[in-house]
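> One structure coming up, written as structure tokens, with questions to follow.
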């Protein structure tokens, strides 16, 4: 993203005119996008036309790297399958991974509520240390602030990760073409529905667990297959200078957290100007997620995930990438869930096995606040 | 800092046994140090014996760099001379600077309170953009979360900065020797007392302003003089391989924020095992700070600063470094405020012009909460 300069004769256009901040502005859907694109981006990042990514790629002394940051305010702190500490590590690890970077270093800050039991804090520090060790990222520094009792709901955690770039990965939604395949790493909606049930807001029994984990091994698996095979019509990941006229084999990746798969794919559709067509019966959804969504009138495609990712690859790589995912621990349930088409341009269309279709938009509003 | 490995046979020693978190654990003084050294460091950073620094130095693909992170929870959001947005940029810029790194990139997260007026948020985003432009650091990415009304006191901001290392700077308190000089960049206590007065908690009139600013130009000035002069008995900053038997010319730097000059210098005294002797009448203090401290029974040496720094240099560099500071805009009031001696080992001694002396400890408790 470019930076403002003093000579900029076109002051950035502020398009965000809502009078105040609402919960939906933090939900990762349409309202979040209006806030980020209409207020943060023009003022902080200049009038860049670059798509907004989960991680930025920057250079220090000529070395390129990925950097990403996230604050975590999930409620409750601990839930089946995970906790705020694990999310804070894995969420940042995964943002690096889907930007094509190997997670290397992390710094962390805590905003703690006065009166917080030390045992509660210790549990979360240990959860972070374990998650970082599993994900192969080093925690190298941090900061702690304490606010008055009644503020900050026990704790908020912010993590920032830095990673080295995987060779040959050049992700850009503007390189996506009609015919490209859409891969999904596993079942959707587990995290969001687990949090909802952990709050006791729904009278519904389930053994669902959050899917929080590092997805880097899965990303690395498809990056490896992209560099070792040379699909006709696409460049391999490594040695891409051999055929600069061809496209990279992996074109786009995203971890569909807040706003779910539907929001991530709507952003892709908008950024590439093409249509995303999903085959509903190929999308893995646990029964518990499906049942809770039916009760709530929500679509699993709008529910947050923490340990899944989407990838768009050239058609020639689709089968090899799928096999690479399925042969990596944790990728057994990966599927090809759809493809890119010319139409409906800028939108996401879901087709069902009965021949029906529907357009699915980004998440609107915030049905499940404080999910991460 | 080293990382735990699975083979570590000596599990880290947790020495923090206080039952709950109090405001003082976020105040940057003794309680903060107990929490960080007794709980965070052993669990997150392994059983490292490295001194804990404001910024960590790490490598990506062989390139070394500095990284630092801080959360900002200052109350009120806006105060004479600055605001939370400016602090969030300058605080991180300054942590990079005193680690010997040139600020290059920054990422930022916001935790916003639902109901926050957009105009209030816009003011702070603009303050950040202006501060970043002034400091020469690029904001390249971020994240936003929203929490319920009544939480997060309008907003908390977390920034993480990455910087390239200034050539030849090798800071290590363990290199400090008796006879080294202690430099201070300017008047102390302005920030802390400004915040206190802005809250209306003290019936006291003053035209004090926060000293928030980037100190990188001042750090760069002494780094330049350290590399261009070759004091006998010390290595220059650049080309230090010429005399590896000699010490670097700049040995230690720190921005004395929470806990003030006294806390930073007590940490130095502990880390180098020597005595720090200050000459009180050389320490610049504005009348407003002195007056407020007398009313409150506080010592200006314990009050937070945001735009000042301390440096320890070899005696041969002291005058040249002082002149370099005084000839850089914003460094006019820099002073040599004391020196390192063998005694009192591990402590800070203040001498007055009347011949009196007193030992000054780290900040204990939290007389001024939520200062940054």
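Chains as they are written, first to last, in this note's numbering: chain A, 133 to 504; chain B, 133 to 504.
Glycine included, C-beta positions come from ideal geometry on N, C-alpha and C.
1. Using a C-beta to C-beta distance shorter than 8 Å, which residues of chain A count as neighbours of residue 157 of chain B?
2. Could you work out which residues of chain B lie near residue 203 of chain A, taking near to mean beta carbons separated by less than 7 Å?
3. Where does residue 270 of chain B land, buried or exposed, given buried means 16+ other C-beta within 10 angstroms?
4. Compare the C-beta of residue 494 of chain B with all C-beta atoms of chain A and state if any pair is closer than 8 Å.
5. If we count Cβ pairs, one from each stretch, closer than 8 Å, do we get three or more for the stretch 211 to 218 of chain A versus the stretch 162 to 177 of chain B?
6. In whole angstroms, what is the alpha-carbon distance linking residue 281 of chain A and residue 298 of chain A?
7. Please confirm whether residue 201 of chain B and residue 290 of chain B have their CB atoms less than 8 Å apart.
8. Are there 16 or more other CB atoms within 10 angstroms of the CB of residue 486 of chain B, so buried, or fewer, so exposed?
9. Tell me which residues share the same chain as residue 418 of chain B and place their Cβ nearer than 7 Å to its Cβ, disregarding the 5 neighbours each side in the sequence.
10. Can you check whether the C-beta of residue 217 of chain A is within less than 8 Å of a C-beta belonging to chain B?
11. Among the residues of its own chain, which have a CB less than 6 Å from the CB of residue 484 of chain B, if the five just before and after it don't count?
12. Grab the span of the alpha helix (DSSP H) containing residue 174 of chain B for me, first residue to last.
13. Counting only the same chain and skipping the five closest in sequence on each side, list residues whose C-beta sits under 7 Å from that of residue 465 of chain B.
14. Hey, would you say residue 239 of chain A sits closer than 8 Å to residue 295 of chain A, going by beta carbons?
15. If distances are taken between C-alpha atoms only, which option among A:218, A:308, A:245 and A:310 comes closest to residue 265 of chain A?
16. Is residue 253 of chain A near the ligand ZN, with its Cβ less than 7 Å from a heavy atom?
17. Is the Cβ of residue 385 of chain A closer than 8 Å to any Cβ of chain B?
18. Alpha carbons only, please: which of B:232, B:251 and B:153 is nearest the one belonging to residue 150 of chain A?
19. Hey, does residue 247 of chain A have any beta-carbon neighbour from chain B nearer than 8 Å?
20. Please work out which residues of its chain come closer than 8 Å, Cβ to Cβ, to residue 181 of chain B, disregarding the five sequence neighbours upstream and downstream, and give them in chain order.
21. Along chain A, which residues have their Cβ under 7 Å away from the Cβ of residue 296 of chain B?
22. Compute the beta-carbon to beta-carbon distance between residue 491 of chain B and residue 481 of chain B, rounded to the nearest angstrom, for a pair I have assumed lies under 8 Å.
23. Compare the beta carbon distance of residue 356 of chain B and residue 453 of chain B with 8 Å and say whether it is the shorter of the two.
24. Taking residue 230 of chain A as the reference, give the member of A:450, A:394, A:210 and A:199 with the closest Cα.
25. Is residue 447 of chain A close to chain B, meaning its C-beta is less than 8 Å from at least one C-beta of that chain?
26. So, helix, strand or coil for residue 344 of chain B, using DSSP?
27. If distances are taken between C-alpha atoms only, which option among B:384, B:389, B:158 and B:226 comes closest to residue 401 of chain B?
28. Is residue 265 of chain B helix, strand or coil when you go by DSSP?
29. Indicate the three-state DSSP secondary structure (helix, strand or coil) for residue 135 of chain B in the structure shown.
30. From the DSSP output, in three-state form, read off residue 274 of chain B for me.
31. Between the C-alpha atoms of residue 194 of chain A and residue 287 of chain A, what's the straight-line distance to the nearest angstrom?
32. Using a Cβ-Cβ cut-off of 8 Å, state whether residue 370 of chain A counts as contacting chain B.
33. Can you give the Cα-Cα distance for residue 470 of chain B and residue 312 of chain B, rounded to whole angstroms?
34. Buried or exposed: which applies to residue 477 of chain A, given that a residue is buried once 16 or more other Cβ atoms fall within 10 Å of its Cβ?
35. Less than 8 Å between CB atoms is the rule here; does residue 584 of chain B satisfy it with respect to chain A?
36. Report buried or exposed for residue 406 of chain A, applying the criterion of at least 16 other Cβ atoms within 10 angstroms of its Cβ.
Short version:
1. Ordered by position in chain A, the residues that pass the 8 Å Cβ test against residue 157 of chain B are 244, 276 and 278.
2. What residue 203 of chain A touches in chain B: 241, 243, 275, 277 and 290.
3. Counting Cβ neighbours within 10 Å, residue 270 of chain B comes out buried, since at least 16 surround it.
4. Taking Cβ atoms only, chain A never reaches closer than 8 Å to residue 494 of chain B, which makes this a no.
5. Between the stretch 211 to 218 of chain A and the stretch 162 to 177 of chain B, the count of Cβ pairs shorter than 8 Å is below three; the stretches do not touch.
6. Spanning the two alpha carbons is a distance of roughly 44 Å.
7. Residue 290 of chain B is positioned such that its CB atom lies closer than 8 Å to that of residue 201 of chain B.
8. Exposed, since its Cβ has fewer than 16 Cβ neighbours within 10 Å.
9. These residues qualify, in order along the chain: 319, 322 and 340.
10. Taking Cβ atoms only, chain B never reaches closer than 8 Å to residue 217 of chain A, which makes this a no.
11. Excluding the 5 residues flanking it on each side, residue 484 of chain B has same chain C-beta neighbours closer than 6 Å at 412, in chain order.
12. 173 to 176 is the extent of the alpha helix (DSSP H) around residue 174 of chain B.
13. So the qualifying residues of the chain are 318, 319 and 416.
14. Not in contact: residue 239 of chain A and residue 295 of chain A (Cβ atoms no closer than 8 Å).
15. If we check each option's Cα against that of residue 265 of chain A, A:218 comes out closest.
16. Ligands are entirely absent from the displayed structure, and the ligand ZN is therefore not among its contents.
17. Taking 8 Å as the CB threshold, residue 385 of chain A stays off the interface with chain B.
18. Restricting attention to B:232, B:251 and B:153, the CA atom closest to the CA of residue 150 of chain A is found in B:251.
19. It does; some Cβ of chain B falls within 8 Å.
20. Bear in mind that a pLDDT of 49 at residue 181 of chain B, under 50, signals an unreliable position, so the model cannot answer this.
21. Those within 7 Å of residue 296 of chain B in chain A are 192 and 193.
22. Between residue 491 of chain B and residue 481 of chain B the beta-carbon gap is near 6 Å, inside 8 Å, which marks them as a contact.
23. Taking 8 Å as the Cβ cut-off, residue 356 of chain B and residue 453 of chain B do not qualify as a contacting pair.
24. A check of alpha carbon separations from residue 230 of chain A across A:450, A:394, A:210 and A:199 identifies A:199 as the nearest.
25. For residue 447 of chain A, the answer is no, since every Cβ of chain B falls outside 8 Å of its Cβ.
26. The three-state reading of DSSP puts residue 344 of chain B in coil, since its state is none of H, G, I, E or B.
27. Measuring from the Cα of residue 401 of chain B, the nearest candidate turns out to be B:384.
28. For residue 265 of chain B, the three-state secondary structure derived from DSSP is helix.
29. Here residue 135 of chain B scores only 40 on pLDDT, less than 50, and its place in the model should not be relied on; the value that follows carries that caveat. If DSSP states are grouped into helix, strand and coil, residue 135 of chain B belongs with coil.
30. In the structure shown, the three-state DSSP call for residue 274 of chain B is strand.
31. Inter-residue distance for residue 194 of chain A and residue 287 of chain A is about 38 Å (C-alpha atoms, whole angstroms).
32. Reliability fails at residue 370 of chain A, whose pLDDT of 46 lies under 50, so the model's placement of it is uncertain and the value that follows must be treated cautiously. The Cβ of residue 370 of chain A sits no closer than 8 Å to any Cβ of chain B.
33. For residue 470 of chain B and residue 312 of chain B, the distance between alpha carbons rounds to 9 Å.
34. It counts as exposed.
35. This structure cannot speak to residue 584 of chain B, because chain B is shown only from 133 to 504.
36. Classification for residue 406 of chain A: buried.
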